[in-house]
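Following: one structure in structure tokens, then a few remarks.
Residue numbers (the numbering used here), protein chains in the order written: chain A, 1 to 477; chain B, 478 to 954.
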């Protein structure tokens, strides 16, 4: 397995927290379960935002902003929704020094407050489809939290669309899922499995939840993003009606979908190693760091000057490059420091390189070094970055292939401890059989979207009845 | 006064709410004082964000994200800060179904939670300056709210910087003020007065508050943005210390600064007229709307096809152009509709224009029409948009000049009702005299930054003692 190794389950939690903090991705907050997203991680988030926001606008979506406070009574309106979210609410009871007549909930998700507005905005078929997204913070009261992966407050985008027909809503939910796949595979270099959630794992209030699931380096699955076909559930709860083309009053069909700052945690867990973080070039805040090497003061000036010029040339070529000009630390310290922070390429520049008009390029993923002529950097470095991007994806794909198993019987899941990963399992579709996966702390991650892949190859691994689907099972974050 | 007229004070509130809602900028929310920012206004906000965020990054600032919840005890730490914000807090007392041991405050501003982190992050002079900004929502419990201008929840950017010396902090606060001036004058086409706040009007916890103030079309002033020199107040309250270059332990000097979604309200009030909204081209989501005019079906197809081509050509030239292809409404309805929504340029295209290879361009600000050869549009339209941008600023500048007066005595402020605007007034610097402006519902908007402009021309208009400054007085939002 090229360059990527599995992390022992017990050690991962500690390693993860250590990397997140040493790489200055996040810091704990005085409020339990909340976190500070530091500039280095926020910059990764901005890169995710920019890519996704551009694609959403290209596909006709607009951004808006809905209030952070939701009247408590709103959450009650959709029956399944309230069951799903009631235990996780943060509640404002006092404002301006007085007790409120009706407590306000800090949004755990915005369907309810948004459908209240859609009831006013949607009157005619001409108002549809309504394709709105918002970038916002949300709060869910969590007991066990982990930086990025599960925090009480997190950042996300939440899309909320309304359509004239059920088919259009399904098409939208699938379109967004496809965007998420591109985002995660092409930008974050993390391969995904696409599928539908089992009824038990669906979003509270959804008719169907589509999901993308990835494998982390400890063999556990992480849900990367979800896209929900909400049917007419929220339109009904909030009495959204439109006059259709044929003069009939109908209720729209809707979707909602989200990816969150959890994706930053996924980057750590999917690519990181014993040296620390490893960022895919397309989302790395710094793609190339130039480390100057010198002994004398004269060398120092010459090397630093050339390093500055090279960084400027690279930036003109669209590369996010910087020089580490710190004087208080050695080159060796800098090598380790930037490796720990996951910068994909390091360029070393010393007096001999200067004389030879070259730099020595070191890849963070393979640790291989190669000399590169200075004159070729503006062409070679972007190529090299794309090579690293592709290699990271390939490596993660191979890692997943090596951690994919079959569970012919429920007892086969006992192997999850020693051989964590994705297990293909035939399932009858029954909730009772699904519940039994809990004996091994496993869950159905998804029913594959691909029909071929979802076709059962035999009877249910749990009860032995006819198989309805082949599903992906794993221990998950 | 070219094209811009004053709006009668009483009628303005109604006109404003009407424009904000009809132009689909915002909608009321079921939670009193909160609002929904609709896509059209959010797009203006994105344009403001993009411009300012680029400038902040160019000047070395980084974005981060701090928690929305602040322990109640944190707010208490800085004496003036708590006095200023305590009456405005929204308080979370319950989470996950249980009462919290310590209530959490929904951030009204983030100094306290941020300085708690800075105390960990700032250890050495090498960690300074620390230049961090965040784009976030904040909540202040307001009694009287108005869409955009004063809402319980609003969106803003808040910058928080820490520096090794007092001078550096002042330089930073002034640098940001200069960026705000550029944003508001060059992008929003609204002239500003720059100055310092009187001690009474300072931010709670600041040593000096710099402000930019603009005149709205009803003659009232609006505070557009502020930049605070916080001295060492928050560093002291949160025990932030660094080891300086000379080996001494010192406390950093800091700043904070913000502009908010209030700026969208300012656009309405500074440029709007009886037809509705008027957006400066640089921030208008749609800069040019093409309205096709036709009678027969054959005409319709030819005109619509050409309109689509022209819009595509304009978009390639960097113009945000769209065709209004609605069939259910007349061209006249469309003219009014887009005028109401403030689109700066309308292009009319009918069969005769098609034959003459021209369009008729109508400016929203002057209502003037002129024929333009189609072939010249990719060059002429961007020029015309810049002309409109400059004209709007010029018009607002003239409006302000016509609404600038002098108050030689306190009683002169009685004219504020009939002649609202900015009043220059000599002031002794005393709080008692400042308080008396309240008799006329006026406040000191700022002490001009420009020394010449701030020099008193005589004795205090209120008490007759020696003047310390010439200040700007107005009724304000």
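Just so it is clear, CB atoms sit at the ideal spot from N, CA and C, and this is done for glycine as well.
For clarity, every value in this text was computed on a predicted model and none was experimentally measured.
field: Among A:274, A:258, A:232, A:469, nearest to residue 178 of chain A - alpha-carbon criterion
entry: A:258
task = Could you name the residues of the same chain whose beta carbon sits closer than 6 Å to that of residue 71 of chain A, not counting the 5 residues immediately before and after it, in chain order?
result = 102
task: State yes or no: is the beta carbon of residue 287 of chain A nearer than 8 Å to at least one beta carbon in chain B?
output: So, not an interface residue.
Q: Return the residue from the list A:116, A:153, A:146, A:60 that minimises the CA-CA distance to residue 581 of chain B.
A: Ranking the options by Cα distance to residue 581 of chain B, first place goes to A:153.
Sequence-distant residues of its chain with Cβ nearer than 8 Å to residue 459 of chain A (five each side left out):
Same-chain partners within the cutoff: 426, 428, 465, 466, 467.
Name the chain B residues whose beta carbon is nearer than 8 Å to that of residue 62 of chain A? Under the 8 Å cutoff, chain B gives 516, 519, 520.
Task: Contacts around residue 533 of chain B, its chain only, beta-carbon distance under 6 Å, and the 5 residues preceding and following it disregarded - done: 610
Show which residues of chain B have a CB atom less than 9 Å away from the CB atom of residue 427 of chain A. Within 9 Å Cβ-Cβ: nothing; residue 427 of chain A doesn't reach chain B, min ~32 Å.
query: Residues bridged to residue 61 of chain A by DSSP?
result: Looking at the DSSP assignment, residue 61 of chain A forms no beta bridge with any residue, so it has no partner.
Checklist entry - Taking the alpha-carbon positions, what's the residue 815 of chain B to residue 699 of chain B distance? => result 27 Å
Exercise for review: Tell me, please, whether the CB atom of residue 723 of chain B is closer than 8 Å to any CB atom in chain A?
Suggested key: no
- Query: Is the beta carbon of residue 828 of chain B sitting closer than 8 Å to the one on residue 521 of chain B?
  - Reply: By the CB criterion at 8 Å, residue 828 of chain B and residue 521 of chain B fall outside the cutoff.
Self-check item: Short Cβ contact (8 Å threshold) for residue 455 of chain A with residue 476 of chain A
Solution: no
Quiz prompt | chain A contact residues for residue 565 of chain B, given Cβ-Cβ distances below 7 Å | solution = 96
> Do the CB positions of residue 683 of chain B and residue 707 of chain B come within less than 8 Å of each other?
Replying inline: yes
Please list, in chain order, the chain B residues whose beta carbon lies closer than 7 Å to that of residue 132 of chain A. 516
message = Could you check whether the Cβ of residue 923 of chain B sits closer than 8 Å to any Cβ belonging to chain A?
response = no
What three-state label does DSSP hand residue 793 of chain B in the structure shown? If DSSP states are grouped into helix, strand and coil, residue 793 of chain B belongs with the helices.
Requested in this report: Measuring alpha carbon to alpha carbon, tell me which of B:899, B:892, B:925 ends up nearest residue 917 of chain B.
Outcome: B:892
Start-to-end residues for the beta strand (DSSP E) that takes in residue 145 of chain A: Premise fails: residue 145 of chain A is in no beta strand (DSSP E) and is neither H nor E.
Review point. So, is residue 783 of chain B buried or exposed, given that buried needs 16 or more other C-beta atoms within 10 angstroms?
Key: buried
Which complete beta strand (DSSP E) runs does the segment 646-692 of chain B hold, if anything under 3 residues is left out?
670-673, 685-692
Taking its Cβ as the centre, do 16 or more other Cβ atoms sit within 10 Å of residue 584 of chain B, making it buried, or is it exposed? buried
*Please name the residue, chosen from B:593, B:543, B:625, that lies closest to residue 701 of chain B on a Cα-to-Cα basis.*
B:625
**Prompt:** the segment 543-557 of chain B: which residues have C-beta closer than 8 Å to a C-beta of chain A, in chain order?
**Reply:** Those residues of the segment 543-557 of chain B that come within reach of chain A (Cβ to Cβ, closer than 8 Å) are 543, 544, 545, 546, 547, 548, 551.
### Query
What is the DSSP secondary structure of residue 425 of chain A, counted as helix, strand or coil?
strand
Closer than 8 Å by C-beta to residue 172 of chain A: which residues in its own chain qualify, once you throw out the five before and the five after it? Chain order, please. Here the set comprises 129, 131, 161, 163, 255.
Assuming residue 800 of chain B contacts residue 785 of chain B under a Cβ cut-off of 8 Å, what Cβ separation, rounded to an integer in Å, is found between them? 6 Å
message = Quick check on residue 137 of chain A - is its C-beta less than 8 Å from some C-beta in chain B?
response = yes
**Asked** Where does the unbroken beta strand (DSSP E) through residue 504 of chain B begin, and where does it stop?
**Response** From DSSP, the beta strand (DSSP E) with residue 504 of chain B extends over 503-505.
- prompt: So the alpha helix (DSSP H) residue 849 of chain B belongs to, where does it begin and stop?
  reply: For residue 849 of chain B, there is no enclosing alpha helix (DSSP H); the enclosing beta strand (DSSP E) covers residues 846-850.
(message) In the DSSP output, what is residue 163 of chain A paired with across the bridge?
(response) A:253
* Asked: Straight-line CA distance for residue 404 of chain A to residue 52 of chain A?
  -> In this model, residue 404 of chain A and residue 52 of chain A are separated by some 30 Å (Cα to Cα).
| query | Taking DSSP as the reference, what is the three-state secondary structure of residue 311 of chain A? | reply | helix
(message) 8 Å is my cut-off, CB to CB: does residue 116 of chain A come that close to chain B?
(response) yes
- prompt: Sorted by chain position, which residues of the same chain lie with C-beta nearer than 6 Å to residue 300 of chain A's C-beta, five sequence neighbours on each side aside?
  reply: 294
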